[in-house]
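Shown next, in structure tokens, is the structure this report addresses.
Number of protein chains: 2
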Amino acid sequence: MDLPSTTLTQAVEALAGLPGVGRRTALRLALHLLKEPSAEVLNLSESLRRLATDIHFCRICHCVSDGEVCPICSSPKRNPAIVCVVENVQDVMAIENTQQYTGLYHVLGGVISPIDGVGIRDLNIESLLQRVKTGDPAPVEEVILALPTTMEGDTTNFYLNKQLQPLGVKVTMIARGVSIGDNLEYTDEITLGRSILNRVPFEA
Amino acid sequence: MDLPSTTLTQAVEALAGLPGVGRRTALRLALHLLKEPSAEVLNLSESLRRLATDIHFCRICHCVSDGEVCPICSSPKRNPAIVCVVENVQDVMAIENTQQYTGLYHVLGGVISPIDGVGIRDLNIESLLQRVKTGDPAPVEEVILALPTTMEGDTTNFYLNKQLQPLGVKVTMIARGVSIGDNLEYTDEITLGRSILNRVPFEA
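Line by line, the protein sequences are chains A and B. Just remember that the numbering used here sits 1 ahead of the position in the first sequence, which is counted from 1. Just remember that the numbering used here sits 1 ahead of the position in the second sequence, which is counted from 1.
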């Protein structure tokens, strides 16, 4: 598709590099932006520029951060003895949204997946083990594995547990079972079977 | 959702302003950009900035353009006596892609649609009539109506025809009928019915 403007062509090509955005969607986005007030477009442009230049990853938990250490790791209200291991930044936010967790995080940056070529060295595993071994910045008493309940997540859980157990830290994992609000009739067999095997004392 | 970085939050909010992009998709896009080389993100940012500052609309046909007059209107290879009226810039590109048209265009910027609050004054109709009346920048012999084959498109066609006929210009519209490659069995009744009524002499 030949566009009658090189400025537009370049914008379409750049937008088409976004995941899930093809050339047709990119053109629709670009033409939408043409109709917007230019202040809004400049704001978007500037926000993206800062994304490239101003953002850091926390040196402790590898979550996104404005500074060297993220607000969660530097908060005095959080319990640094508990570290929750998650796949990515989205998962940190999902757990933060529950408002049920007051410990710290460790973002692996993925899960072990030989099919996708993701090995142990591609993940932030060594820094997790160092955090537990050295007790720096704070001694760790418990590591919660909160990885996806997939084959790759389970593989990573298994590997992490094997590495963490010898360090004398308590290793736990998030509960798996029937989702709250779900009918048993529509719950998949594996989840339902495990939720019966892993039943817990009644709580009111 | 509280993000642990204000830079990221601002980028997500700006991206969520795009059509069809909610906060979740905006977060996914922003986190994708975080993983990209910063040169690519800066390129995207810069392309969008130029979209706000460098783009113009052709003063003759209202299509997007780098300069005051678009490459189509200023091309000596195009026939300025034929003007094709289309709804938007995408339609110019769709017709250009057919490589079957050598005249000029006139982008209305929409079609008459009282439900959406789009009236005659919101569209580039007056400038089309002026183009035909004054013969500036070139005398117009034929106006091809190539608006969508919807109720709104038909209403606009009807209005334009009524305005154009008294000016002594030939008014035509694009052919409607069975799509090429379609089976008659799956063609909707209205299209098939009209294609029989509007049959044309056989051409080999």
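Beta carbons are placed, not taken as given, at the ideal position from N, Cα and C, and that holds for glycine.
- Using a 10 angstroms sphere on the CB of A/A147, the tally of other CB atoms reaches 16 or more, which defines it as buried.
- Between the alpha carbons of B/G68 and A/D3 lies a gap of roughly 16 angstroms.
- By the beta-carbon neighbour count (other beta carbons within 10 angstroms, threshold 16), A/A95 is exposed.
- Interface annotation, A/L32: in contact with chain B, CB-CB separation under 8 angstroms.
- Listed in chain order, the non-local C-beta contacts of B/Q164 below 7 angstroms within the same chain comprise L130, local neighbours out to five positions each way being set aside.
- At least 8 angstroms separates the CB of A/N158 from every CB of chain B.
- Contact annotation: in the region 66-83 of chain B, residues whose CB is within less than 8 angstroms of a CB in chain A are S66, D67, C71, P72, I73.
- A/N158: member of the alpha helix (DSSP H) spanning 152-165, first to last residue.
- Taking a C-beta distance under 8 angstroms as the contact criterion, A/A12 and B/L43 do not qualify as a contact pair.
- Distances from the alpha-carbon of A/D123 to those of A/G110, A/I116, A/R132 put A/G110 closest.
- At a cut-off of 8 angstroms between beta-carbon atoms, B/S128 makes no contact with chain A.
- Beta-bridge pairing by DSSP links A/N80 to A/G104.
- In the structure shown, B/T173 falls within a strand segment according to DSSP collapsed to helix, strand and coil.
- Between the region 28-45 of chain A and the region 71-81 of chain B there are fewer than three C-beta pairs closer than 8 angstroms, too few to call the two in contact.
- Contact annotation, B/V86 with B/L105: C-beta distance approximately 10 angstroms; criterion of less than 8 angstroms not satisfied.
- Residue contact with chain A for B/P149: absent (no Cβ-Cβ distance below 8 angstroms to any residue of chain A).
- Its chain contains no residue whose beta carbon lies nearer than 6 angstroms to that of B/Q101 once the 5 sequence neighbours on both sides are disregarded.
- A distance below 8 angstroms between beta-carbons, with the five flanking residues on each side excluded, links B/K134 to the following residues of its chain, in chain order: L168.
- CA-to-CA, the gap between A/C74 and A/P140 works out to about 13 angstroms.
- Chain B places no beta carbon closer than 8 angstroms to that of A/A17, leaving this residue out of the contacts.
- Closest by C-alpha distance to B/M174, out of B/R25, B/N162, B/T7, B/H107, is B/N162.
- Beta-bridge analysis with DSSP links B/L146 to B/V86, B/M174.
- Residues of chain B with a Cβ closer than 8 angstroms to the Cβ of A/R51 are, in chain order, T8, Q11, A12.
- Under the three-state reduction of DSSP, B/S128 is assigned to helix.
- The Cβ atoms of B/P5 and A/S66 sit closer than 8 angstroms to each other.
- Taking a 10 Å sphere around the C-beta of A/A15, we find 16 or more other C-beta atoms and assign the residue as buried.
- With respect to the 8 angstroms criterion, B/V170 and B/E143 are classified as neighbours on the basis of their beta carbons.
- Comparing alpha-carbon positions, the option among B/T188, B/T157, B/P138, B/G136 lying closest to B/S114 turns out to be B/T157.
- Taking 8 angstroms as the threshold, the shortest C-beta distance from A/Q101 to chain B does not fall below it.
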